[in-house]
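S.K.:
Chains as they are written, first to last, in my numbering: chain Y, 565 to 731; chain W, 8 to 115; chain F, 126 to 522.
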């Protein structure tokens, strides 16, 4: 059951990710990204990350992507016209990426290939909201507070940038 | 009943390889696409891929730290989306285009 | 295997009841609005228009689904599916009653499809996903009214999700769990034997303010009057669903009503003590249902004896007898213990749904700038302050 779930949602994630890159219209890409996020949320659940799966759904898929869709609709962005792009990218980019993927895959398989199987619910509830909250407000209290400052700065930056009288 | 040829569970490395695949697709989107918003979404895809490997390692060590890291990544991504989309709005307001190639000079 | 069969049976029951409720909510809404506006409401199909939902469904199914030529076909077809899917799936974690043993067997189960320890977060996440249905419908219709509707909807959803989540966080501090079943179980009991220990009354800080904030935000999240700007019919034709017809149009309606039921259930579970009674058993709380049904049955028979319209002579006594029978069923001890929690839960949810309809009949629509100002300058600070005070008092006591 774990393997079936993994393969189904991994396939969905990869298919949506490829669709993101191939689609020429931003809205299609955004929806594909939401698909990737939903599939990853299920995989997080399989890995015992209950809180992080729900945070993925609420923050990423529910808030950030709504912002993307909102901006795409607001700008009424059309499809991307096919056009010339740096020539060497086409011939160099894809092979280099495949080499990168192969290398990463090889090292992962080499180092971690023989490790334990992922079984849903086999480990203690280290990913429950309670334990995440406990770690967040004890060990990681300072980074957590710093992120609040980061968000404040981001809000100010967004307001200043998107104000009407920008010239 | 004979055992199925299909595995009942997958090792942790599969999750990491999936993460690598998603990351590479994100990089491909980043370098091949020319619409600013799509490029931005490719960055989000890369962040998501990294999150997956954080959570996978968190499972391997049965510790919550990986979850905290991906939580912080989400927070940073939210801040980044707010500022980035504001920048995109401003660029569009001033230049009426979303193509990265057209935004190549400091002067309007 | 037992688990699978049990789940399927529960699923069938819940889906049937839920769908019927959604269909009849429409009828209730039309009737209530009609009476608020001194009209009669639907009264042609069946006695008192009771078969109107059936007629509506048949009409919508048999109608031709018209697809305008200028739409983006994929997203146009996808949008209603997304809307209705995320609206209906949330019901799977909502508990309707306590745990019980099925009579004549030894199967122990709970009146809920599944109990997650992150149930509330799941509902929040799903409600956030619902906006894509509306936004996509607006965009894919390729129509300026629809587009403005979709834009308004996404801006409104993002703005009101903050006060919604903050007002939910305050009562969670009191109960310290995210499992909806446990949240309700912790609200059991009475202060001084009379005041229920629900979150809105709970010490150290009664969550009345947070309940009101939640309800206001819920109105906005479900796009109901006075926050129905995405479908404001006198400025945007019909907003995001202008270009939809037949079943696709019905899907949006179903999604709206399902969202209403979900938020009312969440409010009931979190603030109003779920299936726990208002009146303690000692004071006869178990007989409230019988009393209510028999009293309304008697009233119907009384009206049937003095008919205002000629068909009242037949319909009122029939309904009266049915209501009295239901009331008598609630007197059987075994049924009483089984169904009283469900009765209380449904009564509270229906009361909240009635408030939704009542406000639709009462309040005018917000202007768009008022809507945003209200969210950011009133709802957000007040919810934050409420959360702060609650956290402080919980830490202190």
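Positions of the beta carbon are idealized from the N, C-alpha and C atoms, including for glycine.
For clarity, every value in this text was computed on a predicted model and none was experimentally measured.
Put residue 267 (chain F) into one of helix, strand or coil per three-state DSSP.
M.R.: Sequence index remark: in the third chain, residue 267 (chain F) carries index 142 (1-based). Coil at residue 267 (chain F), not helix or strand.
S.K.: Take the Cβ of residue 624 (chain Y) as the centre, count every other Cβ of all protein chains shown within 10 Å, and call the residue buried at 16 or more, exposed below.
M.R.: Here residue 624 (chain Y) refers to the residue found at position 60 of the first chain. By the 10 Å Cβ count, residue 624 (chain Y) comes out buried.
S.K.: Jot down the residue ranges of each uninterrupted beta strand (DSSP E) in the region 331 to 371 of chain F, minimum 3 residues, whole runs only, in chain order.
M.R.: As far as the region 331 to 371 of chain F is concerned, it has no whole beta strand (DSSP E) run of at least 3 residues.
S.K.: In angstroms with no decimal places, state the Cα-to-Cα distance between residue 522 (chain F) and residue 333 (chain F).
M.R.: On the third chain, residue 522 (chain F) is found 397 positions in, with the first residue counted as 1. On the third chain, residue 333 (chain F) is found 208 positions in, with the first residue counted as 1. Rounded to whole angstroms, residue 522 (chain F) to residue 333 (chain F) spans 19 Å at the Cα level.
S.K.: Roughly how many angstroms separate the alpha carbons of residue 380 (chain F) and residue 251 (chain F), rounded to a whole number?
M.R.: The residue you call residue 380 (chain F) lines up with position 255 of the third chain. The residue you call residue 251 (chain F) lines up with position 126 of the third chain. Rounded to whole angstroms, residue 380 (chain F) to residue 251 (chain F) spans 12 Å at the Cα level.
S.K.: Could you tell me the distance, in whole angstroms, from the CA atom of residue 673 (chain Y) to the CA atom of residue 19 (chain W)?
M.R.: By 1-based counting over the first chain, the position of residue 673 (chain Y) is 109. By 1-based counting over the second chain, the position of residue 19 (chain W) is 12. Distance between the alpha carbons of residue 673 (chain Y) and residue 19 (chain W): 10 Å.
S.K.: Given a cut-off of 8 Å on the beta-carbon distance, is the pair residue 665 (chain Y) and residue 17 (chain W) in contact?
M.R.: As a working note, residue 665 (chain Y) is residue 101 in the first chain. As a working note, residue 17 (chain W) is residue 10 in the second chain. Cβ distance not < 8 Å, so residue 665 (chain Y) and residue 17 (chain W) don't count as in contact.
S.K.: What separation, rounded to the nearest whole angstrom, lies between the Cα atoms of residue 470 (chain F) and residue 69 (chain W)?
M.R.: The residue given as residue 470 (chain F) occupies position 345 in the third chain. The residue given as residue 69 (chain W) occupies position 62 in the second chain. Going from the Cα of residue 470 (chain F) to the Cα of residue 69 (chain W) covers about 39 Å.
S.K.: Please state the DSSP three-state secondary structure of residue 68 (chain F).
M.R.: Chain F is shown only over 126 to 522; residue 68 (chain F) falls outside these bounds and no answer can be derived.
S.K.: 8 Å is my cut-off, CB to CB: does residue 279 (chain F) come that close to chain A?
M.R.: Protein chains in the displayed structure are Y, W and F, and chain A is not among them.
S.K.: Using a C-beta cutoff of 8 Å, does residue 671 (chain Y) count as contacting chain F?
M.R.: The residue given as residue 671 (chain Y) occupies position 107 in the first chain. No, its Cβ sits nowhere closer than 8 Å to a Cβ of chain F.
S.K.: Between the Cα of residue 157 (chain F) and the Cα atoms of F:173, F:144, F:145, which residue gives the shortest distance?
M.R.: For this step, residue 157 (chain F) is matched to residue 32 along the third chain. Comparing Cα positions, the closest option is F:173.
S.K.: Report yes if the CB atom of residue 723 (chain Y) is closer than 8 Å to the CB atom of residue 84 (chain W), and no otherwise.
M.R.: If you number the first chain from 1, residue 723 (chain Y) lands on position 159. If you number the second chain from 1, residue 84 (chain W) lands on position 77. Their beta carbons are not under 8 Å apart, which means residue 723 (chain Y) does not touch residue 84 (chain W) by this criterion.
S.K.: Could you name the residues of chain W that residue 570 (chain Y) contacts, counting a contact when the two beta carbons are closer than 9 Å?
M.R.: Here residue 570 (chain Y) refers to the residue found at position 6 of the first chain. Simply 16, 17, 21, 22, 25.
S.K.: Using a beta-carbon distance cut-off of less than 7 Å, what residues from the region 670 to 704 of chain Y approach chain F?
M.R.: Within the region 670 to 704 of chain Y, the residues whose Cβ lies closer than 7 Å to some Cβ of chain F are 692, 693, listed in chain order.
S.K.: Go through its chain and collect everything with a Cβ distance to residue 600 (chain Y)'s Cβ below 6 Å, but skip five positions before and after it.
M.R.: Taking the first residue of the first chain as position 1, residue 600 (chain Y) is located at position 36. The residues are 577, 580, 581.
S.K.: Residues in the region 34 to 53 of chain W with C-beta within 8 Å of chain Y's C-beta atoms, listed in sequence order?
M.R.: Cβ contacts with chain Y: 34, 35, 36, 38, 39, 40, 41, 42, 44, 45, 47, 48, 49, 51, 52.
S.K.: Just verifying my parser: in three-state terms, what is the DSSP assignment at residue 682 (chain Y)?
M.R.: As a first step, residue 682 (chain Y) must be located in the first chain, where it is residue number 118. Three-state DSSP puts residue 682 (chain Y) in a strand.
S.K.: Per DSSP, residue 233 (chain F) is paired with what?
M.R.: Position 108 of the third chain, counting from 1, holds the residue named residue 233 (chain F). In the DSSP output, where bridge partners are listed per residue, residue 233 (chain F) has F:226.
S.K.: Per DSSP, what kind of secondary structure is residue 316 (chain F) in: helix, strand or coil?
M.R.: Here residue 316 (chain F) corresponds to residue number 191 of the third chain, with the count starting at 1. In the structure shown, residue 316 (chain F) sits in a strand (DSSP, three-state: E or B).
S.K.: Roughly how many angstroms separate the alpha carbons of residue 610 (chain Y) and residue 491 (chain F), rounded to a whole number?
M.R.: If you number the first chain from 1, residue 610 (chain Y) lands on position 46. If you number the third chain from 1, residue 491 (chain F) lands on position 366. Each residue's Cα considered, the two are about 44 Å apart.
S.K.: Run through DSSP, which three-state label would residue 18 (chain W) get?
M.R.: What you label residue 18 (chain W) is simply residue 11 of the second chain in a count that begins at 1. Residue state, collapsed to three classes: strand.
S.K.: Please confirm if residue 655 (chain Y) has its CB atom under 8 Å from at least one CB of chain W.
M.R.: By 1-based counting over the first chain, the position of residue 655 (chain Y) is 91. So no, residue 655 (chain Y) is outside the interface.
S.K.: Comparing C-alpha positions only, which one of Y:566, Y:719, Y:574 sits nearest to residue 91 (chain W)?
M.R.: Reading the second chain from its first residue, position 84 is the one you call residue 91 (chain W). Answer by Cα proximity: Y:719.
S.K.: Using a C-beta cutoff of 8 Å, does residue 606 (chain Y) count as contacting chain W?
M.R.: Taking the first residue of the first chain as position 1, residue 606 (chain Y) is located at position 42. No - not a single Cβ of chain W is within 8 Å of the one on residue 606 (chain Y).
S.K.: What are the complete alpha helix (DSSP H) segments, minimum 4 residues, inside the region 127 to 168 of chain F?
M.R.: Segments of the alpha helix (DSSP H) lying fully in the region 127 to 168 of chain F: 127 to 161.
S.K.: With a threshold of 8 Å between beta-carbons, can residue 112 (chain W) be considered close to chain Y, or not?
M.R.: Here residue 112 (chain W) is taken as the residue at index 105 of the second chain, counted from 1. Closer than 8 Å: no.
S.K.: For residue 394 (chain F), which residues in the same chain have their Cβ closer than 8 Å to its Cβ, ignoring the five residues on either side in sequence?
M.R.: Counting from one through the third chain, the residue named residue 394 (chain F) turns up at place 269. Closer than 8 Å at the Cβ level, and outside the excluded window around residue 394 (chain F), lie 219, 220, 305, 308, 309.
S.K.: Going by beta carbon distance, what residues of the same chain come within less than 6 Å of residue 373 (chain F), once the five residues before and after it are set aside?
M.R.: As a working mapping, residue 373 (chain F) is identified with position 248 in the third chain. If we look at residue 373 (chain F) and ignore the five residues flanking it on each side, its Cβ neighbours are 205.
S.K.: For residue 310 (chain F), list the residues DSSP reports as bridge partners.
M.R.: By one-based count along the third chain, residue 310 (chain F) stands at place 185. Beta-bridge pairing links residue 310 (chain F) to no other residue.
S.K.: Over the uninterrupted alpha helix (DSSP H) stretch that includes residue 240 (chain F), give me the two end residues.
M.R.: For this step, residue 240 (chain F) is matched to residue 115 along the third chain. Counting along the chain, residue 240 (chain F) falls outside any alpha helix (DSSP H), and DSSP gives it neither H nor E.
S.K.: For residue 42 (chain W), which three-state DSSP category applies?
M.R.: In the second chain, residue 42 (chain W) corresponds to position 35, counting from 1. Looking at residue 42 (chain W) - three-state DSSP - the assignment turns out to be strand.
S.K.: Ignoring anything shorter than 3 residues or poking outside the region 421 to 447 of chain F, list the beta strand (DSSP E) runs there in chain order.
M.R.: Runs of the beta strand (DSSP E) inside the region 421 to 447 of chain F: none found.
S.K.: Looking at the structure shown, is residue 321 (chain F) part of a helix, part of a strand, or coil, going by DSSP?
M.R.: Here residue 321 (chain F) corresponds to residue number 196 of the third chain, with the count starting at 1. Reduced to three states, the DSSP call for residue 321 (chain F) is strand.
S.K.: Within its chain, find whatever has a CB closer than 6 Å to the CB of residue 313 (chain F); leave out the 5 residues flanking it on each side and keep chain order.
M.R.: Here residue 313 (chain F) corresponds to residue number 188 of the third chain, with the count starting at 1. Closer than 6 Å at the Cβ level, and outside the excluded window around residue 313 (chain F), lie 401.
S.K.: Where DSSP assigns a beta bridge to residue 106 (chain W), which residues make up the other side?
M.R.: For the purposes of this step, residue 106 (chain W) is identified with residue 99 of the second chain, where counting begins at 1. DSSP, once it has assigned bridges, lists W:42 as partnering residue 106 (chain W).
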